[in-house]
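Just so we're on the same page, the numbering used here is the position in the sequence shown counted from 1, plus 411.
We treat Cβ as the ideally placed atom computed from N, Cα and C, and that holds for glycine.
These numbers were taken from a predicted model, which means no experiment stands behind them.
Scroll down for the structure; my scribbles are underneath it.
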Amino acid sequence: MSDIAIIGGGAAGAAVFGSLLRRGAAGTVHWMTGETPVPGRGVAYGTQDERHLLNVRASHMGLYVDEDEGFAHFCARQRPGFPETDFASRWLFGDFIESQLTSRMAEAAAKGQPYVLHGLEAVSVAPHGGGYEVKLANGDALRVGAVVLALGILPPLPFSGTTARALASGAYVVDPWNLPQYPSRPPHRVIVIGTGLTAVDTLLSASAWWPDAEFIAVSRHGLWSSVHAQAPTTVFASQAEVNAALLSCRSPLAMLRVIRRTLRDHPGLDWRSLIDGMRPHNPTLWQGMSEAGRRRFLRHLRWLWDVSRHRAPPRSAAAIQRLLDSGRLTLRAARVVGIDGDGPLDVMMRTRASGEPTVLQADMVVQATGLNLSVALSDRPLIMQLLRDGLVKADPLQLGLSAEPDGRLIDAQGHARPGLYAIGPMLCGNLWECIAMPEIRSMANELAYALKKAASLVVA
Ligand SMILES: Cc1cc2nc3c(=O)[nH]c(=O)nc-3n(C[C@H](O)[C@H](O)[C@H](O)COP(=O)(O)OP(=O)(O)OC[C@H]3O[C@@H](n4cnc5c(N)ncnc54)[C@H](O)[C@@H]3O)c2cc1C
């Protein structure tokens, strides 16, 4: 059985699909794209709001390692004069994905490489004769030699302090990527919970849609994502030594000390360059931490990591600054403890500085609190079945699925399952740094290589 199934219709699924078509698979490549209107765009590149920018420079974005045309060239063709070091819209990157897929599919058809796109959800994967049987939502079943799960992030779950009444009111938006542009009445006051990149995009859309509304952004530390430098930073000359020192650290706190000491000893150094220079080593740094160390990192340092690593494009940050300067947007450092009411909603919070309880009213509350990777709480049929049948197991820190560094999933008995892989956010528990396109496309390339090699051994 040399056929391969890729499950998930986002950019990670597209990267594996296109890489397999290029490399030439021994059998048919099946891609289950779910009910997404356009395969390949997924959550990130399906937004039609041009204000939603990539957080990676055009020159560093791409779908494959061996690209047909680089994204920077594509931008220059589509938007003449667009500098390759700038941050393009995510919609434009979605156009690029579509163009790359189209040319890979034409090339595959010309050389007789079979492939099938199934616009359906996969609902189960079961071992079958040395490979797997994949069932689709319409009851069809496919027999394949290997399966790649490219499931992306999970739909957000409502914040635990939200009452059933608040959820039923329609004024509480759990999924910021489905913010209703035309609610029954435009809101006067909107509270956004979170101040990261998702909150930034939410505020940019909502402030344009509802010009009379005021906005309050709330997060525990009251810190926005940091901002990319206008021009790319230069590589730090002593980065290799710093990375070696980080790799010898035993705890996340010791790593933080190395970073702080380096910045103190090199006053002219742009901290962003230091953080970016760590990126290829982040999986190793993460894998080197004990489970207790990872827990401590998540509890005490994650906020600092997220603010430093996930940076806003300068244009987005400037638009947020304009909202703050105009008084339409205010920022609060507070912990939201509960949300009740049936519209307007009461948002109960404790202010960071004083711990004082405060209640604010809002016509709409948007939850923009980060990625959900808690498979144990998922109601997606495929994930529930895989967990129930012991083919996969949840990462102990709720960061996706347990896996080996090469993407092979670990079953309930603790064994890496042959031919069952994941790519993208579901690998966070093992790799940590695996969510963005630069890592996804290189992993897709490695997976395509491994799958072709495994299939050729079976065929031989
Ligand atoms: C808002 C946002 C902005 C981002 N911006 C950037 C950026 O600028 N640069 C960057 O490098 N990275 C960015 N990222 C990171 C991003 O996660 C990756 O770039 C990439 O889009 C991840 O793609 P994915 O395919 O893993 O996930 P997704 O886009 O979530 O796609 C997964 C798809 O699989 C489908 N699916 C799930 N289960 C099944 C099933 N059983 N059967 C069939 N289909 C299924 C889902 O419905 C979904 O459509 C961003 C992420 C988000 C959320």
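I need the DSSP call for N466, collapsed to helix, strand or coil. coil
Report, in whole angstroms, the separation of the C-beta atoms of S875 and R722, which I expect to be a contact under 8 Å. The structure shown has nothing for residue 875, since the chain only spans 412 to 871.
Could you say which of R433, A624 and R683 lies nearest to Q641 if we only look at CA atoms? R683
DSSP three-state label for R720, please. helix
Is F626 near ligand 1, going by C-beta to nearest heavy atom under 8 Å? no
Which of the three DSSP states is assigned to E625 in this structure? strand
With DSSP as the reference, identify every bridge partner of N783, one or two as the case may be. L565
Can you check whether the CB of I418 is closer than 9 Å to the CB of V536? yes
Separation of G438 from A871, as counted between CA atoms: Residue confidence is low: A871 scores 42 on pLDDT, short of 50, so the model does not pin down where it sits. No coordinate-derived value is stated.
Near E702, what residues of its chain come up, given a Cβ to Cβ distance below 8 Å and the 5 sequence neighbours on each side ignored? P807 and L808
Is the closest heavy atom of ligand 1 to the C-beta of Y583 under 8 Å? no
Rounded to the nearest angstrom, how far is the Cβ of A561 from that of I834, given a contact under 8 Å? 5 Å
Pairing CB atoms from the segment 583-592 with CB atoms from the segment 793-806, are three or more of them under 8 Å? no
CA-to-CA distance, P768 to A422, given in whole angstroms: 43 Å
Counterpart residues of W442 in DSSP-defined beta bridges: I417 and L528
Run through the segment 489-526 for me and flag every whole alpha helix (DSSP H) of 4 or more residues, listed as ranges in chain order. 501-522
Around the Cβ of S727, are there at least 16 other Cβ atoms within 10 angstroms (buried) or fewer (exposed)? buried
How big is the Cα-Cα spacing for F708 and S662? 9 Å
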